[in-house]
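Chain order of the listed sequences is A and B.
For the first sequence, the positions run 73 to 229 when the working numbering is used.
For the second sequence, the positions run 73 to 229 when the working numbering is used.
For glycine and all other residues, C-beta sits at the position ideal for the given N, C-alpha and C.
Bear in mind the structure is a predicted one, so any value in this text is a computation, not a measurement.
Heads up: the structure comes next, in structure tokens.
Protein chains: 2
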Amino acid sequence: MLDSVDAAIVRELQNDARISNKDLASKVNLAPSTCLERVRSLKARGVLRGFHADVDLGSLGRPLLAFIAVRIRPHTREVVDPFIAYTLKLPETVALSHVAGPDDFLVQVAVRDAAHLQRLLLDGFTSRREVAHLQTHLIFSHVHKWATEPYGPYGLE
Amino acid sequence: MLDSVDAAIVRELQNDARISNKDLASKVNLAPSTCLERVRSLKARGVLRGFHADVDLGSLGRPLLAFIAVRIRPHTREVVDPFIAYTLKLPETVALSHVAGPDDFLVQVAVRDAAHLQRLLLDGFTSRREVAHLQTHLIFSHVHKWATEPYGPYGLE
DNA sequence: TTCCAGCCCGAATTATATGCGGATCATGAA
DNA sequence: TTCATGATCCGCATATAATTCGGGCTGGAA
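Given below as structure tokens:
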């Protein structure tokens with residue numbers, strides 16, 4: 073379990089993963105050496121899974137975001153697993169969720185423009201036999217909340 | 073625009089935002105001092121927006137993920153803006169997308185369990201006057217692809 | 001009480017980050 | 001072609017930071 077110091081470390085690293093160990097230690101009131109051990113422990117325990125740059129997709133030539141809701145038929149492991157592997161290999165794919173409900177997957181994609189999206193849909197999805205239904209949701213704006221508060225012992229909810 | 077060295081730097085920082093400047097420089101074949109300047113420039117130009125730890129939500133007591141598709145009525149700025157602000161303040165909210173289509177918003181939430189989700193839906197959403205329709209999609213699995221390849225000059229697509 | 005595990009700290013040692021002067025190179029004007 | 005200009009890069013010197021390690025403190029078990 074996480075104690076309050078772990079929670080503080082996690083929060084700071086969610087806010088700024090490139091903070092120096094020294095500054096991090098100072099923010100959570102630990103000596104740098106101790107802080108370093110804490111961070112290592114959090115990584116070892118799988119709490120901290122990685123550190124990633126948040127990049128402006130427009131600068132990468134992919135300013136348009138969309139969700140693609142996909143229904144797969146048949147919804148069996150033999151079909152689902154390859155579909156997941158395939159989708160994750162598409163350069164346009166940003167995130168993939170396997171969900172419950174009428175739709176089976178929600179694929180978040182980043183593309184250059186509408187024409188690119190159209191090509192992706194036609195060539196990348198509807199052309200596949202297992203894809204039974206598609207619905208596209210253009211994304212006007214998207215906000216990711218990088219910091220998530222712990223729920224339970226250290227949350228008050 | 074990004075040249076190929078910028079693209080390489082961005083890719084490395086997407087993979088590991090806590091890489092040392094020295095190691096990063098070595099990976100992209102630059103001197104550390106030059107690499108530092110490149111990274112600063114990428115931040116200044118808004119290409120690198122931030123660096124964030126990827127945290128295991130289960131460790132934070134929120135192992136259950138869901139999308140909540142929300143329809144708002146009326147869909148006017150006077151109603152939409154406060155709804156966005158409200159939703160982003162909920163501790164359960166992880167991401168919020170304003171989308172085109174029958175649904176107006178897709179809210180990604182992280183909760184402790186089904187009961188928590190139910191409470192969130194009833195007290196946090198359906199109780200609000202502007203919320204006309206809700207549909208919840210439990211997320212069985214979710215994969216985020218941290219690295220996105222540039223599209224255009226440096227992509228081959 | 002004694003031992004031990006779990007945490008924490010500070011000092012010393014390495015390693016890294018950063019500021020700067022100056023070299024190199026592509027470009028475009030004369 | 002020649003020269004000025006700006007952009008980019010590098011290496012070195014110095015300031016900072018990361019990391020290791022020995023040891024102290026505390027609470028619980030025996």
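- Does any C-beta atom of chain A lie closer than 8 Å to the C-beta of residue 172 of chain B? yes
- DSSP state of residue 81 of chain B, grouped into three classes? helix
- Under the three-state reduction of DSSP, which class applies to residue 133 of chain B: helix, strand or coil? coil
- Query: Where does residue 126 of chain A sit, in a helix, a strand or coil, going by DSSP?
  - Reply: Here residue 126 of chain A carries a strand assignment [DSSP, helix/strand/coil].
- Query: With a cut-off of 8 Å, does the C-beta of residue 196 of chain A fall near any C-beta of chain B?
  - Reply: no
- Query: For residue 96 of chain B versus residue 109 of chain B, is the C-beta distance shorter than 8 Å?
  - Reply: Between residue 96 of chain B and residue 109 of chain B, the CB-CB gap reaches or exceeds 8 Å.
- Item | Where residue 143 of chain A falls: helix, strand or coil (DSSP) | Three-state result, residue 143 of chain A: strand.
- Query: Between residue 158 of chain B and chain A, is there a C-beta pair that is closer than 8 Å?
  - Reply: Against chain A, the CB of residue 158 of chain B has no partner CB under 8 Å away; the residue lies outside that interface.
- Do you know offhand how far residue 149 of chain B's Cα is from residue 141 of chain B's? 19 Å
- Message: Mapping the DSSP letters down to three states, classify residue 100 of chain A as helix, strand or coil.
- Response: coil
- Using the C-alpha atoms, what's the distance from residue 172 of chain B back to residue 212 of chain A? Spanning the two alpha carbons is a distance of roughly 7 Å.
- Message: Please identify the residue among A:199, A:80, A:190 and A:145 whose C-alpha is closest to the C-alpha of residue 139 of chain A.
- Response: Among A:199, A:80, A:190 and A:145, the Cα nearest to that of residue 139 of chain A belongs to A:190.
- Given 8 Å as the limit, is there contact between the stretch 188-208 of chain B and the stretch 157-176 of chain B, that is, 3 or more CB pairs closer than that? At 8 Å Cβ cutoff, the stretches touch.
- Message: Let me make sure I understand the geometry here. Which of B:127, B:177, B:164 and B:137 has the alpha-carbon closest to that of residue 151 of chain B?
- Response: B:177
- Distance between residue 131 of chain B and residue 74 of chain A (C-alpha atoms, nearest Å): 8 Å
- Assigned secondary structure, residue 198 of chain A (DSSP; H/G/I helix, E/B strand, else coil): DSSP places residue 198 of chain A in helix when its eight states are reduced to three.
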